[in-house]
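Asker: Protein chains in written order, with this note's numbering: chain A, 38 to 268; chain B, 38 to 268. By construction, the Cβ of each residue, glycine as well, lies at the ideal position given by its N, Cα and C atoms. I am attaching a structure below and will ask some questions about it afterwards.
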DNA sequence: AAGTGGTCTAGACCACGTC
DNA sequence: ACGTGGTCTAGACCACTTT
């Protein structure tokens with residue numbers, strides 16, 4: 038007779054069950070790591086691993102000295118996988134293609150300059166239409182800081198999209214993503230082949246390397262687009 | 038003379054730096070845990086913790102036997118904090134209030150039934166307007182499975198919103214969130230005090246407990262709303 | 001002051017997946 | 001088959017925060 042070895046996953050599941058069964062209710066203080074380790078007959082590190090995971094998922098609130106409580110307001114953390122557009126399209130079983138509509142080195146408008154700051158060389162302005170099959174899928178408007186990525190000017194962006202090229206060739210350290218909804222402008226509507234004013238899902242992204250902006254991009258998706266995640 | 042103790046965070050930062058400095062490029066095989074532990078003079082568990090974190094963030098791909106590589110296509114995982122609406126409003130420095138517009142137990146329309154399945158009792162239909170100050174902030178349309186949460190019928194939802202009540206009183210095990218954009222219908226436009234057709238940010242959420250749907254909710258935000266996250 | 005979670009160590013065994 | 005990451009242990013010390 039040998040007891041099964043406890044894994045942090047099984048502990049995670051058990052604690053999870055106790056919460057969703059209402060055995061431990063929101064706000065309740067649950068036993069400390071040492072106690073749980075004793076109850077389950079495992080090392081404290083294993084308990085820690087399981088509880089840390091649950092806390093990260095928003096089910097528990099943990100504080101030194103105060104102990105671990107079942108989250109009162111489970112701030113649900115939805116994790117979205119932002120993959121490159123080609124993948125996104127191909128995973129839906131369609132053929133991906135893209136075409137560069139504009140590509141020009143020119144001075145940025147004020148609202149872009151405000152974010153990008155002063156640059157030595159003029160930034161590169163790129164607009165790209167991404168297609169699923171023969172239908173428009175997403176319209177991309179991008180500014181690239183050529184100070185940070187000078188060789189983008191020589192890159193062949195017909196085979197590989199700007200996004201993919203930058204991912205593999207530009208260095209970045211952090212980014213910020215914003216999701217919103219907007220009515221399609223005349224220009225966007227025409228490109229995406231929808232009526233002006235159609236509600237469009239927008240993703241804005243700014244990418245930095247250290248203190249410097251690498252690229253600013255706005256993605257406008259076709260109306261059918263939606264972004265899903267499990268929690 | 039004593040060297041500073043290595044923490045997993047410092048290791049995380051160092052590996053992160055080597056990637057963003059281009060020392061280790063996308064696709065590169067990086068040293069194994071044992072080697073890194075030797076290089077940094079720490080335990081393998083510490084290296085593991087740092088690399089596991091980086092993998093979870095999408096910067097590394099790890100496979101047994103194959104080793105650890107810098108991610109070729111960094112599937113960036115954006116983590117959104119979905120907090121309850123009251124918090125959201127209050128954190129922007131405004132006064133939160135809500136009012137229930139409709140509250141009725143009735144049979145669900147087909148598209149809701151398709152998700153919720155057959156229920157013994159008729160579900161509860163609730164519509165709520167959430168306000169920031171005196172302005173509309175978000176319009177909520179909700180179906181609650183009364184088989185799963187019978188006492189919701191007796192709950193006083195004037196002081197506390199349905200969302201908050203359910204969070205504290207209903208049990209759930211998993212959920213699915215979908216983000217999209219939609220043009221405001223006449224009804225929605227009127228309630229949110231915008232023009233019909235205005236682009237609206239939509240969050241749809243379905244919550245289960247085990248195999249059963251607990252609640253289905255659709256949140257329609259005012260146009261100025263946007264959702265941000267750092268990566 | 002004291003209790004709780006946070007982390008590190010050194011060693012061990014295991015599971016998976018590539019070779 | 002075997003190398004690599006995945007995980008567990010037992011013990012230790014530390015950091016934070018509340019009492």
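What does the Cβ neighbour count give for residue 67 (chain B), buried or exposed, with the cut at 16 atoms within 10 Å?
Answerer: Classification for residue 67 (chain B): buried.
Asker: Tell me residue 168 (chain A)'s beta-bridge partners as DSSP assigns them.
Answerer: In the DSSP output, where bridge partners are listed per residue, residue 168 (chain A) has A:134 and A:173.
Asker: Are residue 210 (chain A) and residue 246 (chain A) close, meaning C-beta to C-beta below 8 angstroms?
Answerer: Result yes, Cβ atoms of residue 210 (chain A) and residue 246 (chain A) sit closer than 8 angstroms.
Asker: Measuring only the C-alpha atoms, how far is residue 164 (chain A) from residue 218 (chain A)?
Answerer: Their backbone Cα atoms lie some 20 angstroms apart in a straight line.
Asker: May I have the straight-line CA-CA distance separating residue 98 (chain B) from residue 143 (chain B), to the nearest angstrom?
Answerer: If you take the alpha carbons of residue 98 (chain B) and residue 143 (chain B), they lie about 50 angstroms apart.
Asker: Could you check where the beta strand (DSSP E) with residue 255 (chain A) kicks off and where it finishes?
Answerer: It spans 249 to 258 - the beta strand (DSSP E) in which residue 255 (chain A) sits, taken as one unbroken run.
Asker: Quick check: what's the CA-CA separation for residue 237 (chain A) versus residue 257 (chain A)?
Answerer: Taking the straight line from one Cα to the other gives about 6 angstroms.
Asker: Near residue 153 (chain A), which residues of its chain fall below 7 angstroms by C-beta distance, leaving aside the five closest residues on each side in sequence?
Answerer: 145, 160, 180, 182, 250 and 253, listed in sequence order.
Asker: Do you know how far the Cα of residue 115 (chain A) is from the Cα of residue 267 (chain A)?
Answerer: Taking the straight line joining both Cα atoms gives about 7 angstroms.
Asker: What does a CB cutoff of less than 7 angstroms around residue 62 (chain A) pick up in its chain, not counting 5 residues either side in sequence?
Answerer: Counting only Cβ-Cβ distances below 7 angstroms, and skipping sequence neighbours, we find 107.
Asker: Would you mind stating whether residue 240 (chain A) and residue 214 (chain A) have Cβ atoms separated by less than 8 angstroms?
Answerer: Contact flag set, yes.
Asker: With 16 other CB atoms within 10 Å as the buried threshold, where does residue 83 (chain B) fall?
Answerer: Buried, because 16 or more other Cβ atoms sit within 10 Å of the Cβ of residue 83 (chain B).
Asker: Do residue 48 (chain B) and residue 80 (chain B) have their C-beta atoms closer together than 8 angstroms?
Answerer: No, the pair does not count as a contact, with Cβ atoms beyond the cut-off.
Asker: Our contact map puts residue 225 (chain B) next to residue 176 (chain B) with C-beta atoms below 8 angstroms; I'd like the distance itself, whole angstroms only.
Answerer: Rounded, the Cβ-Cβ distance is 6 angstroms, consistent with contact.
Asker: For residue 109 (chain A) versus residue 264 (chain A), is the C-beta distance shorter than 8 angstroms?
Answerer: Going by C-beta atoms, residue 109 (chain A) is not nearer than 8 angstroms to residue 264 (chain A).
Asker: Only counting runs of 4 or more residues, tell me where the alpha helix (DSSP H) segments fall wholly within the segment 180 to 230 of chain A, in order along the chain.
Answerer: Counting only runs of 4 or more, we get 199 to 206 and 223 to 229.
Asker: Whole angstroms are fine: how far does the CA of residue 169 (chain A) sit from the CA of residue 234 (chain B)?
Answerer: Cα to Cα, residue 234 (chain B) sits roughly 26 angstroms from residue 169 (chain A).
Asker: According to DSSP, simplified to helix, strand and coil, what is residue 143 (chain A)?
Answerer: Residue state, collapsed to three classes: coil.
Asker: Residue 154 (chain A) bridges to which residues according to DSSP?
Answerer: DSSP, once it has assigned bridges, lists no residue as partnering residue 154 (chain A).
Asker: For the alpha helix (DSSP H) containing residue 50 (chain B), list its first residue and its last residue.
Answerer: First-last of the alpha helix (DSSP H) with residue 50 (chain B): 45 to 57.
Asker: Given that residue 205 (chain B) touches chain A, what residues does it touch there, using C-beta distances under 9 angstroms?
Answerer: 62, 63, 64, 109 and 110, listed in chain order.
Asker: Grab the span of the alpha helix (DSSP H) containing residue 89 (chain A) for me, first residue to last.
Answerer: That run of the alpha helix (DSSP H) goes 81 to 93.
Asker: Residues of chain A with CB closer than 8 angstroms to the CB of residue 213 (chain B), please, in chain order.
Answerer: Those within 8 angstroms of residue 213 (chain B) in chain A are 265, 266, 267 and 268.
Asker: Can you list the residues of chain B that residue 57 (chain A) reaches, using a CB-CB cut of under 7 angstroms?
Answerer: Result: 208, 209, 210 and 246.
Asker: Suppose you measure from the CA of residue 132 (chain A) to the CA of residue 186 (chain B); what does that come to, to the nearest Å?
Answerer: For residue 132 (chain A) and residue 186 (chain B), the distance between alpha carbons rounds to 45 angstroms.
Asker: Thinking C-alpha only, which one of A:228, A:227, A:216 and A:261 is nearest residue 255 (chain A)?
Answerer: The candidate whose alpha carbon is nearest that of residue 255 (chain A) is A:216.
Asker: Using the Cα positions of residue 205 (chain B) and residue 248 (chain A), report the straight-line distance between them to the nearest angstrom.
Answerer: When rounded, the distance between both Cα atoms is 43 angstroms.
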